[in-house]
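>
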Amino acid sequence: MRARLKSVLTALCFALPFTSSAKSGGVNYSWGADALASMHDFVVTMMLYVLYICYAVAAVFAIISALQIYIKMNTGEDGITKSIVTLVGACLFIIGASIVFPAFFGYRI
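The working numbering numbers the first residue of the sequence shown as -15 and each following residue consecutively.
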């Protein structure tokens, strides 16, 4: 049954011709350059907004993490050093990511 269905579908694909057309001659591609330039400007603008949102979120997380460290220090809990190292690592990642990720795509912010 499966082989028969496969052969019928193959026969239909060969039986139905697909027309293809190609543009030939003088085709004007200049409209693509303007669209590409406007898209570039849009992406750079959005990249700045995303970077600012990341800074804001990182600042909120840093404040919350610093308060948690303060509470741990006052209550005498274990793991203060781990929390401090985690906070410093997160801050270094955000700073590094804001420099490295745009540089990876060739932008300077």
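Glycine is no exception: its CB is placed at the ideal position from the N, C-alpha and C atoms.
Which stretch, first to last residue, makes up the alpha helix (DSSP H) that contains Gly73?
That run of the alpha helix (DSSP H) goes Ile64 to Phe88.
> If I'm right that Leu71 touches Ala46 with Cβ under 8 Å, what's the distance once you round it to whole angstroms?
Sure, about 7 Å apart at Cβ, within 8 Å.
> From Ala21 to Val28, what distance separates their C-alpha atoms?
Between Ala21 and Val28, the C-alpha separation is close to 11 Å.
> Measuring only the C-alpha atoms, how far is Phe26 from Leu32?
Cα to Cα, the separation comes out at about 10 Å.
> For Cys75, which of Ile48, Met23 and Val(-8) has the nearest alpha-carbon?
Checking every option, the nearest Cα to that of Cys75 belongs to Ile48.
> Just the C-alpha distance for Cys38 and Gly16, rounded to the nearest angstrom, thanks.
One C-alpha to the other measures close to 32 Å.
> Are there 16 or more other CB atoms within 10 angstroms of the CB of Ile53, so buried, or fewer, so exposed?
With 16 or more Cβ atoms within 10 Å of its Cβ, Ile53 is classed as buried.
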